[in-house]
Amino acid sequence: MSLLEFRGVGFEDGEHAALRGLDFSVEAGRRLFVFGRSGSGKGTVMRLAAGVLEPGAGTVRLEAGERCLAPVGYVPREGGMLSNLSLLDNAVLPVVYHKMMSRDAASRKARSWFDEFGIGSQALKRPAEVGVSVRRLALLARGILAEPPLFVLEDPLSEVDAAAARVIKSVLERISQEGRACLLAAGSLSPFEGWEGSFLFLRGGKAQFYEDGRALSAEKDPEVRACLG
Amino acid sequence: MQESVMYLGRVAARSSALVGQVYRLHAALITKLRSPRGLNIELVRRLTLNQVLFSGVQAVPLIAASATLIGGVAIMQTVSLLSGLAYELIGQILVGIIVREIGPLIAAVVLIGRSGTAMATEIGSMRLNGEWDALKAYRIDPVDFVILPRVAGMVASMFCMVVCFDVLGILGGCGMALLMKGISSAQLLSRVGSALTNADLAVTLLKALVFGELVATLSCIYGMRVHGSPTELPRAVTRAVVACMVGVLVLDSLITAAFYIL
Chain R
9 MSLLEFRGVG
19 FEDGEHAALR
29 GLDFSVEAGR
39 RLFVFGRSGS
49 GKGTVMRLAA
59 GVLEPGAGTV
69 RLEAGERCLA
79 PVGYVPREGG
89 MLSNLSLLDN
99 AVLPVVYHKM
109 MSRDAASRKA
119 RSWFDEFGIG
129 SQALKRPAEV
139 GVSVRRLALL
149 ARGILAEPPL
159 FVLEDPLSEV
169 DAAAARVIKS
179 VLERISQEGR
189 ACLLAAGSLS
199 PFEGWEGSFL
209 FLRGGKAQFY
219 EDGRALSAEK
229 DPEVRACLG
Chain C
21 MQESVMYLGR
31 VAARSSALVG
41 QVYRLHAALI
51 TKLRSPRGLN
61 IELVRRLTLN
71 QVLFSGVQAV
81 PLIAASATLI
91 GGVAIMQTVS
101 LLSGLAYELI
111 GQILVGIIVR
121 EIGPLIAAVV
131 LIGRSGTAMA
141 TEIGSMRLNG
151 EWDALKAYRI
161 DPVDFVILPR
171 VAGMVASMFC
181 MVVCFDVLGI
191 LGGCGMALLM
201 KGISSAQLLS
211 RVGSALTNAD
221 LAVTLLKALV
231 FGELVATLSC
241 IYGMRVHGSP
251 TELPRAVTRA
261 VVACMVGVLV
271 LDSLITAAFY
281 IL
């Protein structure tokens, strides 16, 4: 079953990178890596998938079930947290807002994730008071708490320290094992070497799809190969 | 000549686009209030109270000081300009100046300076920092979570600020009359009471409602227009202040004119 489906998606607004006729889908339990050079439209694809942007042409369909109030676990590369709330309050905001959990229950659950990620002591700090790695892990905890069927992550391993990268990788593994789908954007695929999944290379607003790593490694295009690291 | 016409055309186009945005935002807020499906009322109530605390409660010292001083100055000028005649007119002058005009206007200026600028900056920063996008990704409508509590909080605060200004302005005027001419406060307050009509109260409260709503929505709209670059933020705040000031003065003139015509 396709959790996310892009059909003939086009986008152009002058601010974000343009896209033309994009077609792909992400099945439950699958990973799709979206890669390409800077400015190729990876961020635009992620925002369209997360429902932050509306496509100019075509359709983006998210099959999340009617009862799913937060269908996407969105982990942007930068920002994405309310600056006047603590990391913990940011993490529980979606589930508390949608009344999926009581505030106390959500806080307890978020705390346990923060502890598991090794950032429990920073839970009450505000986003500006912590580094990129802690912020990224808190964003991941927010996504996990909402229990969405699809995760959308922009460059999750960029600028984070080695310990945070290990945690993020193990969480992503667990997400796939639980049957959730993952859409990952990355400038370079080298941090994900050996990972299973499909691949979507973006260039000039158009996309080239690769079913798996074998198909990708057979590619001779130098621009694609440059992104493989 | 041609350039002037083109400039006026651009101003008219921008103004009509702004009026359209104000209309659409109001329509979204009214729709949300009429059908609050998906709205976390408890959370919105808490955020509204926070806004009232910032925009209303924390502005009380400034409103109190300016109301007392302006009330006193109004009486000082009246007494010195009109000499003996003034004593009979003090009640009407205080109602006319403070309740109908200066109260709502000064409260609006305080609201613009303290809260409108803060709101435009906050919302602009939220846009720049991806906070707006994150809310949308988790299906939290920014209109529910950001705009509605701020607009409701600012309108409620404006009501309280205008009432506070009117009361303290009149008391300041009475105090000055007592100091300058030894007129008893009880006598003055009874003159104010007899000069004050239901229409005066309706005008001051109508202005509070309209100004509060206008300042809140314009500040939100200018904040929401920020995207892409931090240099847009100060420009958006400046434009929000100018638009709010012009809007308040225009609406003040229209409401006052309507009050006298009707």
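Heads up: the protein sequence lines correspond to chains R and C, in order.
For the first sequence, the working numbering gives the first residue as 9, with consecutive numbering after it.
For the second sequence, the working numbering gives the first residue as 21, with consecutive numbering after it.
All C-beta atoms in this analysis are idealised placements derived from N, C-alpha and C, irrespective of residue type, glycine included.
Remember, it's a predicted structure, so these values are computed and weren't measured experimentally.
### Task
Give the residues from the region 60 to 81 of chain C that approach chain R closer than 7 Å (Cβ to any Cβ), ordered along the chain.
Under the 7 Å Cβ criterion, the region 60 to 81 of chain C contributes Asn-60 and Leu-63.
### Query
Name the chain C residues that come within less than 7 Å of R/Lys-107, Cβ to Cβ?
Correct list: Asn-60.
### Query
Can we count R/Gly-221 as close to the ligand SAH, meaning its CB is less than 6 Å from some heavy atom?
Of ligands this structure carries none, so the ligand SAH is not represented either.
### Message
Assuming the contact rule is C-beta atoms closer than 8 Å, R/Ala-57 and R/Leu-191 should be a hit. Round their C-beta distance to whole Å, please.
### Response
With a Cβ gap of about 5 Å, R/Ala-57 and R/Leu-191 count as contacting.
### Query
Would you call C/Gly-192 buried or exposed, if buried means 16 or more other Cβ atoms sit within 10 Å of its Cβ?
Buried, because 16 or more other Cβ atoms sit within 10 Å of the Cβ of C/Gly-192.
### Task
Would you list, in chain order, the members of the region 155 to 183 of chain C that have their beta-carbon closer than 9 Å to a beta-carbon of chain R?
Closer than 9 Å at the C-beta level to chain R, one finds these residues of the region 155 to 183 of chain C: Leu-155, Lys-156, Ala-157, Tyr-158, Arg-159, Ile-160, Asp-164 and Phe-165.
### Message
If I follow the unbroken beta strand (DSSP E) through R/Val-160, where does it start and stop?
### Response
The continuous beta strand (DSSP E) containing R/Val-160 extends over residues 158 to 162.
### Query
Per the contact definition of three or more C-beta pairs closer than 8 Å, is the region 120 to 127 of chain C in contact with the region 267 to 276 of chain C?
Taking 8 Å as the limit for Cβ pairs, the verdict is that the region 120 to 127 of chain C does touch the region 267 to 276 of chain C.
### Query
For C/Gly-150, which residues in chain R fall below 7 Å Cβ to Cβ?
Chain R residues near C/Gly-150: Pro-84, Glu-86, Gly-87 and Gly-88.
### Message
When you compare the CB of R/Pro-157 with every CB in chain C, is at least one pair closer than 7 Å?
### Response
At a cut-off of 7 Å, the C-beta of R/Pro-157 has no neighbouring C-beta in chain C.
### Task
Could you please give the first and the last residue of the uninterrupted beta strand (DSSP E) stretch that includes R/Tyr-218?
Per DSSP, R/Tyr-218 belongs to the beta strand (DSSP E) from 214 to 218.
### Task
Whole angstroms is fine: what's the gap from R/Ser-141's alpha carbon to C/Leu-28's?
When rounded, the distance between both Cα atoms is 51 Å.
#### Entry: Helix, strand or coil at C/Thr-217 [DSSP, three-state]
If DSSP states are grouped into helix, strand and coil, C/Thr-217 belongs with coil.
### Message
Checking 7 Å against the spacing of the C-beta atoms, do R/Pro-252 and R/Ile-176 come in under that value?
### Response
Here chain R comprises residues numbered 9 to 237, so residue 252 of chain R is not present and cannot be evaluated.
### Message
Within 8 Å, do at least three Cβ pairs link the region 37 to 54 of chain C to the region 160 to 177 of chain C?
### Response
By the Cβ criterion, the region 160 to 177 of chain C is in contact with the region 37 to 54 of chain C, since at least three pairs of Cβ atoms, one from each stretch, lie closer than 8 Å.
### Task
Spatial neighbours of R/Ala-131 within its chain, please: CB distance less than 6 Å, with the 5 preceding and 5 following residues excluded, ordered by chain position.
Exclusion of the five residues before and after R/Ala-131 leaves Leu-95, Leu-96 and Phe-122 as the residues of its chain whose Cβ lies within less than 6 Å of its Cβ.
### Message
So with CB distances below 7 Å, who are the chain C contacts of R/Ala-58?
### Response
Within 7 Å Cβ-Cβ: Ala-157.
### Query
Where does C/Glu-108 land, buried or exposed, given buried means 16+ other C-beta within 10 angstroms?
So C/Glu-108 counts as exposed.
### Query
Do R/Pro-135 and R/Arg-143 have their CB atoms nearer than 7 Å?
Yes, the Cβ-Cβ distance between R/Pro-135 and R/Arg-143 is below 7 Å.
### Task
Compare the C-alpha of R/Gly-239 against each of R/Glu-167, R/Thr-67, R/Asp-112 and R/Arg-150 and name the closest.
Because residue 239 of chain R is not part of the residues shown, which for chain R are 9 to 237, the question remains open.
### Message
In this structure, how does DSSP classify R/Glu-71 when only helix, strand and coil are distinguished?
### Response
If DSSP states are grouped into helix, strand and coil, R/Glu-71 belongs with coil.
### Query
Any idea which residues DSSP pairs R/Tyr-82 with across the strands?
DSSP output for R/Tyr-82 lists R/Val-160 as bridge partner(s).
### Query
By how many angstroms is the C-alpha of C/Val-223 removed from the C-alpha of C/Val-119?
When rounded, the distance between both Cα atoms is 8 Å.
### alpha helix (DSSP H) segment containing R/Ser-178, residue limits
From DSSP, the alpha helix (DSSP H) with R/Ser-178 extends over 170 to 185.
### Continuous beta strand (DSSP E) stretch holding C/Glu-151: start and end
No beta strand (DSSP E) holds C/Glu-151; the alpha helix (DSSP H) holding it covers 151 to 157.
### Query
Excluding the five sequence neighbours on either side, which residues of its own chain have a C-beta within less than 6 Å of the C-beta of C/Gly-40, listed in chain order?
Closer than 6 Å at the Cβ level, and outside the excluded window around C/Gly-40, lies no residue.
### Message
Would you call the region 207 to 227 of chain C in contact with the region 139 to 149 of chain C, where contact means no fewer than 3 C-beta pairs closer than 8 Å?
### Response
No: the two stretches stay apart, fewer than three of their Cβ pairs being nearer than 8 Å.
### Inter-stretch contact (C-beta, 8 Å, three-pair minimum) for the region 207 to 215 of chain R and the region 30 to 48 of chain R
Verdict: yes, contact present.
### Task
Consult DSSP for R/Glu-204 and reduce its assignment to one of helix, strand or coil.
R/Glu-204: coil per DSSP, three-state reduction.
### Message
For C/Glu-233, which residues in the same chain have their Cβ closer than 6 Å to its Cβ, ignoring the five residues on either side in sequence?
### Response
Correct list, in chain order: Val-175.
### Query
Taking just the CA atoms, how far does C/Leu-238 sit from C/Ala-263?
Counting only the Cα atoms, C/Leu-238 lies some 7 Å from C/Ala-263.
### Interface flag, R/Ala-193 vs chain C, CB-CB below 7 Å
No - not a single Cβ of chain C is within 7 Å of the one on R/Ala-193.
### Query
Would a check of beta-carbon distances place C/Asp-272 closer than 7 Å to chain R?
Output row for C/Asp-272: interface = no.
### Query
Using a beta-carbon distance below 7 Å, is R/Val-140 in contact with chain C?
For R/Val-140, the nearest beta carbon of chain C is not closer than 7 Å to its own beta carbon.
### Query
Between R/Gly-117 and R/Glu-181, what straight-line distance do the alpha-carbon atoms span, to the nearest angstrom?
The sequence shown places Lys at residue 117 of chain R, not Gly. Approximately 20 Å between the Cα atoms of the pair.
### Task
Pick out whichever of R/Glu-155, R/Leu-208, R/Glu-124 and R/Gln-185 has its Cα sitting closest to the Cα of R/Ala-171.
The residue with the shortest Cα to Cα distance from R/Ala-171 is R/Glu-124.
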